[in-house]
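Asks: Before I ask anything, let me first share the structure, which is written out below as structure tokens.
In mature numbering (1 follows the signal peptide of the UniProt record, and there is no 0), the protein residues as written are -20 to -1, 1 to 302.
What follows is the structure in structure tokens.
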């Protein structure tokens, strides 16, 4: 557990995490370290927003959640998708080029490694696993180390781009409003018989980045933790937590909303996050009646969406642009 000690200064809040984890979360065997049964098996494959889609969803070992909706036909498919696995960005590559040679000479003397070095090695581990399937840097950590680093990143995501930042949550109104507009656009043309280009609208596809996906997930009320994630409750959320970026916003994260017509007139929407059906707040069931969705707090709070007001200093923080 030598690496875990160097993580102490990642954030001031994580001092409490490490102290609590060492005292109550880990068994004596975990605290003292142990040899892996399979030295070639990665200690972890979950790296927050840098997690590969197949590791986040498990779809490399099982089928996606197949939703069966007999007697219904799909009218419209809307998907918001994060970009797929990518190489490190320019800033990371420049940092790698400078620090990697230094780290090579430092590895034999671990006491010289600081918290930034630890985070850099963990980031290289995550990117190489995403691109190549494995990384020698991963073997510098054990599972407890990577679990702690993952939780630290979840704290950042939760506080900066999700429920800890009401501006970020409120800005999700742009995407919700877009979904509602597309549904109404489709229904005006397909159910009223009006001749229009939009009669042929079958799908609306949007591609974006991790921060926008986190904002959307939070706006939809998914992944909310009670009590909220904090530095002091790592033990509570160590193994299971509502907000886990590795599962919610990995590479290729996607949210789909499918509009169905059942029978002659009944309309429903099916929300799907990373190919798994989810239950939205305000809906009577997963296969949500359209009227429930349109009357939900998610849609109600997204009306009159004004990003300029939300981003202004005078915004009241209520989650709605007044």
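C-beta: ideal position from N, C-alpha, C; glycine also.
1. Short of 6 Å in beta carbon distance, which residues of its chain neighbour residue 238, apart from the five on each side in sequence? Order them along the chain.
2. Should residue 129 and residue 110 be called a contact, given that it needs their Cβ atoms to be closer than 9 Å?
3. Who are the near neighbours of residue 50 in its chain, counting only those whose CB is closer than 7 Å to its CB and skipping five residues on each side?
4. Apart from the five residues just before and just after residue 23, which ones in its own chain have a Cβ nearer than 8 Å to its Cβ?
5. With a floor of 3 residues, list each beta strand (DSSP E) that falls wholly inside the region 163 to 248, ordered by position along the chain.
6. Check whether the region 219 to 228 touches the region 131 to 151, counting contact only when three or more Cβ pairs, one atom from each stretch, lie closer than 8 Å.
7. What's the gap between the Cα of residue 277 and the Cα of residue 246?
8. Does the pairing of the region 212 to 219 with the region 21 to 39 give three or more beta-carbon distances under 8 Å?
9. Beta-carbon separation of residue 228 and residue 197 under 9 Å?
10. Using the three-state DSSP reduction, which class does residue 23 fall into: helix, strand or coil?
11. Using the beta-carbon count (16 or more within 10 Å), is residue 280 buried or exposed?
12. Tell me where the beta strand (DSSP E) around residue 62 begins and ends.
13. Out of 234, 71, 114 and 195, which has the shortest C-alpha to C-alpha gap to residue 21?
14. Going by the CB atoms, is the gap between residue 162 and residue 181 shorter than 9 Å?
15. Tell me which residue opens and which closes the alpha helix (DSSP H) that residue 273 is part of.
16. Can you grab the Cα-Cα spacing for the pair residue 177 / residue 248, in whole Å?
17. Classify residue 290 as buried or exposed, calling it buried when 16 or more other Cβ atoms lie within 10 Å of its own Cβ.
18. Between which two residues does the alpha helix (DSSP H) harbouring residue 36 extend?
19. Which one or two residues does DSSP pair with residue 251 in a beta bridge?
Replies: To lay it out plainly:
1. 54, 57 and 250
2. no
3. none
4. 16, 118, 119, 121, 122, 123, 125 and 126
5. 183 to 188 and 234 to 242
6. By the Cβ rule, the region 219 to 228 counts as touching the region 131 to 151, because three or more pairs are nearer than 8 Å.
7. Distance between the alpha carbons of residue 277 and residue 246: 22 Å.
8. no
9. yes
10. coil
11. exposed
12. Element bounds for residue 62: 52 to 62.
13. 114
14. yes
15. 270 to 275
16. Reliability of the predicted coordinates at residue 177 is poor, the pLDDT of 40 falling under 50, and no value is obtained from them.
17. buried
18. Note, residue 36: alpha helix (DSSP H), 33 to 37.
19. In the DSSP output, where bridge partners are listed per residue, residue 251 has 237.
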